[in-house]
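Worksheet for the structure shown next.
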């Protein structure tokens, strides 16, 4: 007689045997999202338009020459060094429509005038005169060497692809014809469209004109308010702003006031650094009084009255404290307050906590409940408990001072127009750092 076997849903089998279920063990869902991720679009003289490179600080440090055409400590990468030193991951987009340099032997893998500095050298191989050494160089550094009998044997390297041509000795021939091209508003729009499906905490907007900045600000508002993608856009005060400062009146926009010393500065030099420290701020922590550790000489010649006016106007300002440069207030551009958005929304620490909370709530719903759990008593109670778990985690990490557990209610929306929807209300109090001290010392007699 055959024994019973197979899987089971209830323990009511009639035959003797082994009934085995193979299921996944319950997995703990990460309740807190990543931070420290920045997106930036650059005008750069080495890169291919339309591509997004996602790099870690380690990749940038070890392979900046390959990815961006320059050694790590070249002045061309000054702002990017500040960005990567304070980020965990960066999405980089090349705005300008570059053209690749080439010569009779090779074509640069990436466009831009930097490709004109790539040199191809061909020499007889010392051990086998019938073969040729084909050497790729940049800034007098050898970056690739291949020994072949004919050009068709050459393999592409990190910098060039080779052409099938006759190999003759060359002391060193530069590539030529590489150009940087121009940047249009459409190029910025392509960048914003591409990153719409990516995750990041801040966008470093390097544009210095009001017209382009308005594009980024409109995008930021749409993503935050309509799509639910929570991030801040960091930019400098536009060179042609005039009296149009109301364009910055929003909690998702951070305006860096300071400029830096130098003959060829544009006014946007501190945007990458600020975008990085915004994105990489620990959950529930502020950048208030954070020391600037970058490489620029920051202009901080402001009076106390000017500093007060800048904070009131919603400007992110660096000021001098002794021998150091520090963040005056961790604030955004919001200056018009309403019942829905009070003055607390001006504080970036508060906004980051609320953004992280929204992202965590969305993650729990999308990954655990959407299309998987029915809206019944058990389902609603389960979801309520998950929402509480999220807030307990934020409380444990110091991101919330408190939250009202009793205020959390999951209610099914019953309507002919809407199906499968629930409404949740939750009252929370974001944490805030020490900002001021009022102390009186009483002298005893």
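In my numbering, the protein residues as written are 216 to 660.
All C-beta atoms in this analysis are idealised placements derived from N, C-alpha and C, irrespective of residue type, glycine included.
This one's a predicted model, so the numbers in the text were calculated from it and none came from an experiment.
What residues are listed by DSSP as bridge partners for residue i?
| i | result |
| --- | --- |
| residue 448 | 418 and 468 |
| residue 317 | 322 and 391 |
| residue 307 | 255 and 268 |
| residue 539 | 536 |
Starting from residue i and walking both ways along the alpha helix (DSSP H), at which residues does that stretch end?
| i | result |
| --- | --- |
| residue 543 | Where residue 543 is concerned, there is no enclosing alpha helix (DSSP H), given that its DSSP letter is neither H nor E. |
| residue 690 | No answer is possible for residue 690: the residues shown for the chain start at 216 and end at 660. |
Going by DSSP, what residue range makes up the beta strand (DSSP E) through residue i?
| i | result |
| --- | --- |
| residue 270 | 267–270 |
| residue 535 | 533–536 |
| residue 255 | 252–257 |
With the cut-off set at 9 Å, would you say residue i and residue j are in Cβ contact?
| i | j | result |
| --- | --- | --- |
| residue 327 | residue 403 | no |
| residue 469 | residue 548 | yes |
| residue 292 | residue 279 | yes |
| residue 252 | residue 494 | yes |
| residue 374 | residue 336 | no |
| residue 447 | residue 418 | yes |
| residue 525 | residue 498 | no |
| residue 372 | residue 351 | yes |
| residue 442 | residue 478 | no |
| residue 512 | residue 294 | no |
| residue 605 | residue 572 | yes |
| residue 425 | residue 395 | no |
| residue 564 | residue 502 | yes |
| residue 546 | residue 530 | yes |
| residue 364 | residue 385 | no |
| residue 648 | residue 437 | no |
| residue 250 | residue 416 | yes |
| residue 496 | residue 449 | no |
| residue 296 | residue 510 | yes |
| residue 676 | residue 275 | No answer is possible for residue 676: the residues shown for the chain start at 216 and end at 660. |
| residue 615 | residue 568 | yes |
| residue 393 | residue 314 | yes |
| residue 637 | residue 595 | yes |
| residue 362 | residue 305 | no |
Please report the Cβ distance between residue i and residue j, rounded to the nearest whole angstrom; I am assuming they are in contact, meaning their Cβ atoms lie under 8 Å.
| i | j | result |
| --- | --- | --- |
| residue 321 | residue 382 | Their Cβ separation, rounded to whole angstroms, is 12 Å, which puts residue 321 and residue 382 out of contact at 8 Å. |
| residue 532 | residue 522 | 6 Å |
| residue 367 | residue 379 | 5 Å |
| residue 627 | residue 590 | 5 Å |
| residue 445 | residue 255 | With 8 Å as the limit, residue 445 and residue 255 do not qualify as a contact, their Cβ atoms being about 18 Å apart. |
| residue 459 | residue 550 | No, residue 459 and residue 550 are not in contact; Cβ-Cβ is about 14 Å, not under 8 Å. |
| residue 408 | residue 354 | No, residue 408 and residue 354 are not in contact; Cβ-Cβ is about 35 Å, not under 8 Å. |
| residue 617 | residue 644 | 5 Å |
| residue 262 | residue 309 | 3 Å |
| residue 329 | residue 401 | Not confirmed; about 24 Å, so no contact. |
| residue 173 | residue 398 | What the structure shows of the chain is the stretch from 216 to 660, and residue 173 is not part of that stretch, so it cannot be assessed. |
| residue 650 | residue 623 | The Cβ separation is near 29 Å, so there is no contact. |
| residue 434 | residue 422 | At roughly 12 Å, the Cβ-Cβ gap does not stay under 8 Å, so residue 434 and residue 422 are not in contact. |
| residue 632 | residue 556 | Contact flag wrong, Cβ pair sits at about 28 Å. |
| residue 514 | residue 481 | Not quite, the Cβ-Cβ distance comes to about 14 Å (not below 8 Å), so this is no contact. |
Exercise for review: Return the chain-ordered ranges of every beta strand (DSSP E) run that is complete within the region 450–530 and spans a minimum of 3 residues.
Suggested key: If you keep only unbroken beta strand (DSSP E) runs of at least 3 residues inside the region 450–530, you get 468–471.
Exercise for review: Mind listing, in chain order, the continuous alpha helix (DSSP H) runs of no fewer than 4 residues lying wholly within the region 275–304?
Suggested key: For the region 275–304, whole alpha helix (DSSP H) runs of length 4 or above, ordered along the chain, are 293–300.
Point to revise | Runs of alpha helix (DSSP H) lying entirely within the region 562–649, each at least 4 residues, in chain order | key: Within the region 562–649, the alpha helix (DSSP H) runs of at least 4 residues that lie entirely inside it are, in chain order, 563–579 and 592–611.
Review point. Residue ranges of each beta strand (DSSP E) run of no fewer than 3 residues wholly in the region 326–404, ordered along the chain?
Key: Uninterrupted beta strand (DSSP E) stretches at least 3 residues long and entirely within the region 326–404 occur at 333–339, 347–353, 356–363, 375–377 and 385–389, given in chain order.
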